[in-house]
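**Q**
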Amino acid sequence: MKYIYTLFAIFTILVFTGCDEKPKEEPPLVKEHTTVEQSSYTIEDVSSGAKYVLKREDGGFVVEGHEDKVIMFDMYATYCPPCRKEAPHLTALQTKYSDKLLIIALNTFEDVSDLYIDDNFRYTYGAFYFISNSAHNNIIIKTILKDIEYEPSMQIPFKVVLKNAKYQKLTDIYGDNPNNNFYLGAISSSVIEEDLKKIFQQ
Numbered sequence: 008m009k010y011i012y013t014l015f016a017i018f019t020i021l022v023f024t025g026c027d028e029k030p031k032e033e034p035p036l037v038k039e040h041t042t043v044e045q046s047s048y049t050i051e052d053v054s055s056g057a058k059y060v061l062k063r064e065d066g067g068f069v070v071e072g073h074e075d076k077v078i079m080f081d082m083y084a085t086y087c088p089p090c091r092k093e094a095p096h097l098t099a100l101q102t103k104y105s106d107k108l109l110i111i112a113l114n115t116f117e118d119v120s121d122l123y124i125d126d127n128f129r130y131t132y133g134a135f136y137f138i139s140n141s142a143h144n145n146i147i148i149k150t151i152l153k154d155i156e157y158e159p160s161m162q163i164p165f166k167v168v169l170k171n172a173k174y175q176k177l178t179d180i181y182g183d184n185p186n187n188n189f190y191l192g193a194i195s196s197s198v199i200e201e202d203l204k205k206i207f208q209q
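8 is the number of the first residue of the sequence shown in the numbering used here; add one for each residue after it.
1. Going by alpha carbons, who is nearest to Asp154 out of Thr98, Leu108 and Ala172?
2. For Gly25, count neighbouring Cβ atoms within 10 angstroms of its own Cβ and tell me buried if that reaches 16, exposed if not.
3. Which residues in the same chain as Phe128 place their Cβ atom closer than 6 Å to its Cβ, once the five residues preceding and following it in sequence are excluded?
4. Suppose only complete runs of 4+ residues qualify. What are the alpha helix (DSSP H) ranges in the segment 40–119, listed by chain order?
5. Which residues in the same chain have their Cβ closer than 8 Å to the Cβ of Ala57, if we skip the five residues on either side of it in sequence?
6. To the nearest angstrom, how far is the alpha carbon of Leu177 from that of Asp202?
7. Taking 7 Å as the limit between beta carbons, can you name the residues of its chain near Thr98, skipping five residues before and five after?
8. If you reduce the DSSP assignment to three classes, tell me which class Tyr157 lands in.
9. Distance, Cα to Cα, Lys170 vs Asp126?
10. Going by DSSP, name the residue or residues bridged to Ser139.
11. What is the C-beta distance between Lys210 and Lys62, in whole angstroms, given that I count them as a contact (C-beta under 8 Å)?
12. Could you tell me the boundaries of the beta strand (DSSP E) in which Lys166 lies?
13. Given a threshold of 16 other Cβ atoms within 10 Å of its Cβ, counted over all protein chains shown, does Ile17 qualify as buried or as exposed?
14. Excluding sequence positions up to five away, which residues of its chain have a Cβ less than 7 Å from the Cβ of His96?
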C-alpha cells in the first residue's frame, strides 16, 4: 500500500511540473532603459555593428547622413508570428529600394540579447535589415506614438513611415481613414510597396 502511495506521489509531481526536454529560451536580461526624450539617439544593428544616429527634427525623426531617405520604423518582437512572417518581405523591400529606404526594426516587449535576435529571428526568418536592440528603443517608440497621437495600447507589428521628418499617410486596411499614418498587424507587402512608391514620388 505504501508503495502505491509513493508511485501516486511521483506521478502527481510529473503531471504538474511537466517533462519538457525542449531547450530553454534565454532568460530575460535586465536593461537600463532610457526614459527621457532626447534630441538624438544612437542605435546599433544587432550583428553588423552599423550605427545610426536618429535626430529629432520638426516633430519627427531623420537619420544623420541619410536625411534624403524614407524611414520605416518597424516595432516588433522575436516571438511575434506576423513579425516573423513578414521579415523576408521587409528584407526584399529594403534590398529593392536600398538607395531611398531605411527599414529600422525596434525590438520591444522583450529583453533578449543581440545574439538571441540574430539566432532566433534574423537568420531564422530572413530579417536582413537594420535591427536595433538598444536601451533607447522604448523611448523612441513612446515618442513615435506621441508624435502621431496614437492613444490605444500598441500591438505588434506596428509601423510608421517618415519622409523629411514627416509622418506619411498610409493605407488604412481596417477602415477608410484618409489621414491614417500607421500600419497595425499583418500588412500585405504589396500594400506597403504601393504606399512607398507614392511616398518616393512626393
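The beta carbon of each residue, even a glycine, is placed where N, CA and C say it ideally should be.
Given the structure is predicted, the values throughout are model-derived calculations rather than measurements.
**A** On the basis of the coordinates in this document:
1. Taking only the C-alpha atoms, the option nearest Asp154 is Ala172.
2. In this predicted model, Gly25 has a pLDDT of only 33, less than 50, meaning its place in the structure is not dependable; the value taken from the coordinates is given anyway. Classification for Gly25: exposed.
3. Residues of the same chain with a CB within less than 6 Å of the CB of Phe128, apart from the 5 flanking positions on each side, are Thr85 and Ala134 in chain order.
4. Scanning the segment 40–119 from its first residue to its last, the whole alpha helix (DSSP H) runs of 4-plus residues come out as 88–103.
5. These residues qualify, in order along the chain: Glu51 and Phe137.
6. The straight-line gap from Cα to Cα measures roughly 6 Å.
7. Only Gly133, Ala134, Phe135 and Tyr136 meet the Cβ criterion.
8. In the three-state reduction of the DSSP assignment, Tyr157 falls in the coil class.
9. Those two C-alpha atoms are separated by around 32 Å.
10. According to DSSP, Ser139 bridges with Asp52 and Leu113.
11. Residue 210 lies beyond the residue range present for the chain, which begins at 8 and ends at 209; the question has no answer from this structure.
12. Looking at the DSSP string, the run of the beta strand (DSSP E) that includes Lys166 is Phe165 to Lys170.
13. Per-residue confidence for Ile17 stands at a pLDDT of 36, beneath the threshold of 50, marking its modelled position as unreliable; the derived number appears in the next sentence. With fewer than 16 Cβ atoms within 10 Å of its Cβ, Ile17 is classed as exposed.
14. Excluding sequence neighbours, His96 sits near Ser196.
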